Amino acid sequence: MDIIPVPAFTDNYIWLVHDQPSGETAVVDPGDAQPVLAEAERRGWTITQIWNTHWHPDHTGGNVALKQATGARVSGPENDRIPARDVPLSEGSELRIGEHVGRVIEVPGHTLDHLALIFDEERVAFVGDALFAMGCGRLFEGTPEQMYASLQRLTELPAETRLYCAHEYTLANARFAHHSEPQNEAITARLEQVRALRDEGKITLPTDVAIERGTNPFVRASNAQEFARLRREKDSFRS
Ligand SMILES: [Zn+2]
Numbered sequence: 449m450d451i452i453p454v455p456a457f458t459d460n461y462i463w464l465v466h467d468q469p470s471g472e473t474a475v476v477d478p479g480d481a482q483p484v485l486a487e488a489e490r491r492g493w494t495i496t497q498i499w500n501t502h503w504h505p506d507h508t509g510g511n512v513a514l515k516q517a518t519g520a521r522v523s524g525p526e527n528d529r530i531p532a533r534d535v536p537l538s539e540g541s542e543l544r545i546g547e548h549v550g551r552v553i554e555v556p557g558h559t560l561d562h563l564a565l566i567f568d569e570e571r572v573a574f575v576g577d578a579l580f581a582m583g584c585g586r587l588f589e590g591t592p593e594q595m596y597a598s599l600q601r602l603t604e605l606p607a608e609t610r611l612y613c614a615h616e617y618t619l620a621n622a623r624f625a626h627h628s629e630p631q632n633e634a635i636t637a638r639l640e641q642v643r644a645l646r647d648e649g650k651i652t653l654p655t656d657v658a659i660e661r662g663t664n665p666f667v668r669a670s671n672a673q674e675f676a677r678l679r680r681e682k683d684s685f686r687s
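Every number in our numbering is 448 more than the matching position in the sequence shown, counting from 1.
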């Protein structure tokens, strides 16, 4: 399974998932069709599936155009805000690309319909806007309790599981993480790494479960109340 980022808008990543044996390519959260089609063409890949983690337009805005251009099958949360959806997904649903089998878990908080797509054997998870490197999504629809439980669930995956997030927010998150845990050496070291990567215009993703357990204050919060306090603080934090 090859996984390639396609940058979109100012800070989104749309992930292309290619399975060589079957020739299948899935696209995760295509907010925009054009950059996805351009990258697929450059690589000689044909988009056969679209997977959405949640309804926000910067994750679904390219569904219709991509489906029209490629005939791809659209799988996403079970609500009427997913454009052109063919296959409804919910807790326990299965996804397949070639021989790879993924499973769906519900991770509400950023939105109520938010899903994560997990390929256990490959140690890969697409987490949309639920978890970010050193951060998490804003609470637009869900409660702190829901989001805290969702983050715990994601970081109970095996330590080496790679987490593919949908935005390049890592540097701002790292600054907040350092502010909230100034004595945490893993956070300080990662802030420097991330700063160096971003200075060179490089991507900071994917992250993994072990790294987030060590450096993500929202994951490290000891309960939903502490999580809620951090989330409120981050919402008004100016680095
Ligand atoms: Zn979102």
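Glycine residues also receive a C-beta, built at the ideal position from the N, C-alpha and C atoms.
Just so you know, these numbers come straight off a predicted model, no measurement behind them.
**Prompt:** Is the closest heavy atom of ligand 1 to the C-beta of glycine 585 under 7 angstroms?
**Reply:** yes
**Item:** Simplified DSSP assignment, three categories, for leucine 565
**Value:** strand
**Asked** Is it the case that the Cβ atoms of threonine 691 and threonine 652 are separated by a distance below 8 angstroms?
**Response** In the structure displayed, the chain extends from 449 to 687; residue 691 sits before or after that span and is not available.
**Asked** Taking buried to mean at least 16 other C-beta atoms within 10 Å of its own C-beta, is alanine 486 buried or exposed?
**Response** exposed
**Message:** So, with DSSP's three-state summary, where would you put threonine 636?
**Reply:** helix
**Asked** Ordered along the chain, which non-local residues of its own chain (more than five positions away) have a Cβ less than 7 angstroms from that of aspartate 506?
**Response** Phe457, Asn460, Gly479
**First through last residue of the alpha helix (DSSP H) which encompasses arginine 623** = Judged by DSSP secondary structure, arginine 623 falls within the alpha helix (DSSP H) whose first and last residues are 618-628.
**Prompt:** From what residue to what residue does the alpha helix (DSSP H) around isoleucine 659 run?
**Reply:** 657-663
**Asked** What are the partner residues of tyrosine 461, as DSSP defines its beta bridges?
**Response** Pro455
**Prompt:** Does ligand 1 have even one heavy atom less than 7 angstroms from the beta-carbon of aspartate 459?
**Reply:** no
**Request:** Identify the continuous alpha helix (DSSP H) that holds proline 592 and give its terminal residues.
**Result:** Its alpha helix (DSSP H) spans residues 592-602.
**Request:** Taking only the alpha-carbon atoms, compute the straight-line gap between glutamate 554 and leucine 602 and give it to the nearest angstrom.
**Result:** 10 angstroms
**Asked** How about the region 548-565 and the region 635-650: do they share at least three Cβ pairs that are nearer than 8 angstroms?
**Response** no
**histidine 548 CB to nearest heavy atom of ligand 1 below 7 angstroms** = Histidine 548: no, Cβ never under 7 angstroms from ligand 1.
**Message:** Only counting the same chain, and skipping five residues up and downstream in sequence, which positions put a Cβ closer than 7 angstroms to that of glutamate 539?
**Reply:** Taking C-beta separations shorter than 7 angstroms and ignoring five residues to either side along the sequence, the partners of glutamate 539 in its chain run Val552, Ile553, Glu554, following chain order.
**Item:** Beta-carbon proximity check, glycine 583 vs histidine 562, cutoff 8 angstroms
**Value:** No Cβ-Cβ contact shorter than 8 angstroms links glycine 583 with histidine 562.
**Message:** I want to check one thing, is the minimum distance from the CB of aspartate 480 to the heavy atoms of ligand 2 below 7 angstroms?
**Reply:** This structure does not include ligand 2; its bound ligands are ligand 1.
**Request:** Counting only runs of 4+ residues fully inside the region 465-503, write out the alpha helix (DSSP H) ranges in chain order.
**Result:** 482-491
**Message:** Assuming contact is defined by CB atoms lying nearer than 8 angstroms, are asparagine 500 and glycine 519 in contact in what I supplied?
**Reply:** No.
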